[in-house]
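Quick note: the sequence shown uses full-length UniProt numbering, first residue 1, plus one each step.
All C-beta atoms in this analysis are idealised placements derived from N, C-alpha and C, irrespective of residue type, glycine included.
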Amino acid sequence: MGQQAAEVLDTFIYWQTLAVGEWSYGAAAGLVKGVVGLALILVANKVAHMMGENGIYRRTS
C-alpha cells in the first residue's frame with residue numbers, strides 16, 4: 001500500500017506542517033479536526049441525555 005492508502009488526518013496534518021512547511025494549512029486542518037471532534041462529543045452527549053443517561057456531565061434540570 002502506498003502513502004495515499006494509509007494516510008489519515010493526523011499524518012496529513014503532520015506532513016503539511018513539518019515536512020512541507022505549510023504551517024497555516026496544518027493549523028487550519030488541526031482546527032477543523034478539533035471542531036469536528038467537539039461537535040461529535042456534544043451530539044453524543046445530547047443522545048445520551050435523550051436516552052436517560054448522564055452523558056459527560058449530569059444534567060441538573
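Own chain, CB closer than 8 Å to residue i, minus 5 neighbours either side, in chain order
{"i": "N54", "result": "A48"}
Top-ranked residue by Cα proximity to residue i, from the options
{"i": "L9", "options": "W23, Y25, A29, S24", "result": "A29"}
Which of helix, strand or coil DSSP assigns to residue i
{"i": "V47", "result": "helix"}
{"i": "G26", "result": "helix"}
{"i": "G34", "result": "helix"}
{"i": "I41", "result": "helix"}
{"i": "I13", "result": "helix"}
Exposed unless 16 or more other CB atoms sit within 10 angstroms - verdict on residue i
{"i": "G26", "result": "buried"}
{"i": "Q16", "result": "buried"}
Residues near residue i in its chain [Cβ-Cβ closer than 6 Å; skip 5 each side]
{"i": "A39", "result": "none"}
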